[in-house]
Structures are given as C-alpha cells and as structure tokens.
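Everything in the sequence shown is counted per the UniProt record's numbering, starting at 1 for the first residue and increasing by one.
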Amino acid sequence: MARRKAIMAQKSGAKERKREEKRPSNAERSAYFARREAAKVLRSMLQGDARRRAVGSIKSLVYSPSIRNKKATYALVCQTLKHLSIIKDVIEEANILSAKQKKQKELMYIITYDLLFGQEGSLIGDAEKYLILKKDAVQSALSRVLRRKGVKNVEDLVALDEIPDLQKPRYVRVNTLKIDTEFAIRELRQQYAVQEDDLVPDLLILPPGADLHNHPLVVNGSAFLQGKASSMSAVALGPKPGWEVIDACAAPGNKTLHLAALMKGKGKIIACELNRERVKRLQDNVKLGGATNVKIKHEDFLNLDPKDPAYAKVRAILLDPSCSGSGTAFERLDHLLPSHSAVIMLT
1 MARRKAIMAQ KSGAKERKRE EKRPSNAERS AYFARREAAK VLRSMLQGDA RRRAVGSIKS
61 LVYSPSIRNK KATYALVCQT LKHLSIIKDV IEEANILSAK QKKQKELMYI ITYDLLFGQE
121 GSLIGDAEKY LILKKDAVQS ALSRVLRRKG VKNVEDLVAL DEIPDLQKPR YVRVNTLKID
181 TEFAIRELRQ QYAVQEDDLV PDLLILPPGA DLHNHPLVVN GSAFLQGKAS SMSAVALGPK
241 PGWEVIDACA APGNKTLHLA ALMKGKGKII ACELNRERVK RLQDNVKLGG ATNVKIKHED
301 FLNLDPKDPA YAKVRAILLD PSCSGSGTAF ERLDHLLPSH SAVIMLT
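Here you go:
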C-alpha cells in the first residue's frame, strides 16, 4: 500500500511539473499581449498610410489608455516598421501565409520581427507556434533575400532602407497647474542637461533621445511631452485668467491643458471633441493634468450655436485641427512608414 501511494505521489508530482513547464511565465504572457497590442497599432498606422490619412502618431496610438504594456508595444511597432520591407520580402519569398494568416498580417509581421531579430524565446500563442514551425523556411527565405539584394547580412540590408536620423531635441512642457518650472528643472537636471525655450514659457529642451515616458513628472501629469510647434498655438492665443475659451478640436488634450495653465486654472474652457475614443483620452489627460476649469463636450464644434447664451461670454477660440503631420514627420516617426520611404527613394 505504501509503495502504491509513493508511486501515485510520484506520478502526481510529474504531472504537476509538466503543467508548470507548460504554463507560460509572466514575461511570456506580457510579450504575448504586447505583440497583439503592437499589431493593432501597426494596423492603424499602415491603413492610414495606405489611404494617405493621418490617424495619429505612433506615440499617440501607443500611449492611449487601452494599451497596457506601452514601452514594449512602442518598441515592437517601431522596430517592426524599421524592418518592414525586409519582413514583407521574407514572408513573400517564403510563401508561408495561408488565407487565415493573411487576415492578421500585421500580427504576422510583428511575430516575424521577433522570430528573426527579437525575442524568439518568448513566442507563445497559436500564431507564434505556426511561424515557429515555419522557421526554417523563413530563415531560408531571408538568405535568398540577402543574396538578391547583394548584401552579406541583415545590418547591411537595413542600412539600404535607413533614413538619416534628424537629431532633434526632446521638448517637455511643465504643467504649472501642478508644479513650477524651477522645480521641474531641478528634478530633470538630476538626469539630463536642461534648457528653457526662448520663445515658449515653461517649455524645456532636453537632449535628443531623452526618454521621459516613465519619468515621475510625466507619469503624474506634472509635465507633458509636447513639441514646440504644438506648444505655440495656446501661447499665440494668449488667454487671460478668468476668460471663457473654446478649444474646438481638443483631444488628446495637450493644448487644452496648456490653455488651462496659461489661465492659471481660472475661467472656463469648453473642450469639444467629435471622436468618442478620443473623448475618453481627453478626459483622462485633463484629469491627470489637474485642470478643473475644463468642460468636455462630445460634440462637433461646427454644430455649436453661436447665438446660444451658454457661449455668450466666450472671448477666444483655439482652432488647431488635426493635420497630415507633413511638417512633423520625423517627430511622428512617419519616416518609418512605407509611403514615406517610397518618397525618399524617388527624391
């Protein structure tokens, strides 16, 4: 009997160890979801690029509230776009995607990037398993692409498509609703060289490549990553404390919060946004920034009645609509998109 119990316990332990081996780790689960979030962002970017329609920058899409693992998702999207022409060539050369896989081609691009250049060890999931089974075909296809392009390695292949990086500084606008600029400078100077912009008050200039997405000042809404051009519109309007102002195209809220700061939190800002998803992001950012004088309206600004007594005290309107981003392509990272690469090749 004792021997029988020992055997049963041994078998039970073996089964438990087997289950443990099959159970994905936290890192693997995190990478699994990051790939799917990255595929969603990549799909939006590529569809907008194909239609020549601005859908927002990579950063604005990645840093929406719906994206959980922002850092990993952002890295996956950027790196996949950087290698996209190679990935497409390899997938076409390997001829491995069925009709089902083609319906989720953006996810296949992401996984192929990880398989060839990234974290192959963390590839769990049905789509991942499918490509792992095709790994030999993918590697063989990559070798053929390298020979056809006349290069010896992937680095040389990437260099063929690379566009020289414009080393632009990082701009950070201090949210004076929460802290003063001097405090922000002291905090940031613990890690970076910091200068004050000579044109836009409370706008700080940091070295190119400074990564502030997880900095406490940014996380708690005391500072916002906002370009100089974006910061100029509210300053140009010049609202005074106590004014009533309409922000006609308010989301994601950087300019709305800038207006609130210039008005020292006094008066009233009517922030209009038509898009439902962008309204949610606007609400989150206004709350994060501590702007209590903002009233958000999920409505088309063009439908407002100028004769409505509710707007009788409005002194100014900020109208800074979304644009194609042609003037800020490198800040938006649009140079990684297929259409921009094609333009570079033609010029």
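Ideal Cβ positions, reconstructed from N, Cα and C, are used throughout, including at glycine.
{"Item": "Residue environment, G238, which counts as buried when at least 16 other CB atoms sit within 10 Å", "Value": "exposed"}
{"Item": "Residues near P207 in its chain [Cβ-Cβ closer than 8 angstroms; skip 5 each side]", "Value": "P169, R170, Y192 and A193"}
{"Item": "Separation of D308 from P164, as counted between CA atoms", "Value": "Reliability fails at P164, whose pLDDT of 47 lies under 50, so the model's placement of it is uncertain and the value that follows must be treated cautiously. Distance between the alpha carbons of P164 and D308 is about 52 angstroms."}
{"Item": "Cβ neighbours of H258 in the same chain (closer than 6 angstroms, five flanking residues each side left out)", "Value": "A234"}
{"Item": "Nonlocal neighbours in the same chain, by C-beta distance under 7 angstroms from H83, ignoring five residues either side", "Value": "Y113, F117 and V158"}
{"Item": "CA-to-CA distance, R144 to K71, given in whole angstroms", "Value": "33 angstroms"}
{"Item": "Coil, strand or helix - A248 by DSSP", "Value": "coil"}
{"Item": "Local conformation of H215 per DSSP, three classes", "Value": "coil"}
{"Item": "Three-pair Cβ contact test at 8 angstroms for the stretch 55–68 versus the stretch 28–42", "Value": "yes"}
{"Item": "Close beta carbons around A251, own chain, < 7 angstroms, minus the five adjacent residues each side", "Value": "E273, N275, R278, V279, R281 and L282"}
{"Item": "The stretch 21–37 touching the stretch 71–81, judged by at least three CB pairs closer than 8 angstroms", "Value": "yes"}
{"Item": "Segment contact flag, the stretch 264–271 with the stretch 239–249, C-beta cutoff 8 angstroms, min 3 pairs", "Value": "yes"}
{"Item": "Residue span of the beta strand (DSSP E) that contains H258, given as start and end", "Value": "No beta strand (DSSP E) holds H258; the alpha helix (DSSP H) holding it covers N254 to L262."}
{"Item": "Pairwise C-alpha distance: S57 and R147", "Value": "35 angstroms"}
{"Item": "Exposure label - A236; buried when at least 16 CB within 10 Å", "Value": "exposed"}
{"Item": "CB of I87 within 7 angstroms of CB of K134, strictly", "Value": "no"}
{"Item": "Proximity below 7 angstroms, CB of A229 to CB of V172", "Value": "no"}
{"Item": "Own chain, CB closer than 7 angstroms to A137, minus 5 neighbours either side, in chain order", "Value": "A94 and I96"}
{"Item": "For G289 and Q190, the rounded distance between their alpha carbons", "Value": "23 angstroms"}
{"Item": "Within 7 angstroms, strictly: CB atoms of A248 and L319", "Value": "yes"}
{"Item": "Exposure of T292, with buried meaning 16 or more beta-carbon neighbours within 10 Å", "Value": "exposed"}
{"Item": "Residue closest to Q47, alpha-carbon to alpha-carbon, out of P24, E106 and E92", "Value": "E106"}
{"Item": "Where the alpha helix (DSSP H) through I58 begins and ends", "Value": "I58 to V62"}
{"Item": "Residues of its chain near K295, where Cβ-Cβ distance is below 8 angstroms and the 5 sequence neighbours each way are ignored", "Value": "K268, I269, I270 and A271"}
{"Item": "Sequence-distant residues of the same chain with beta carbon closer than 6 angstroms to E299, five excluded per side", "Value": "C272"}
{"Item": "Residue interval of the alpha helix (DSSP H) (run including Y130)", "Value": "D126 to L133"}
{"Item": "Same chain, Cβ closer than 8 angstroms to Q101, five either side skipped, listed in chain order", "Value": "M108, A127 and Y130"}
{"Item": "I110 and T80 closer than 7 angstroms at C-beta", "Value": "yes"}
{"Item": "Bounding residues of the alpha helix (DSSP H) (the contiguous stretch that carries R29)", "Value": "N26 to A50"}
{"Item": "Rounded straight-line distance, which links the Cα of I317 to that of S25", "Value": "52 angstroms"}
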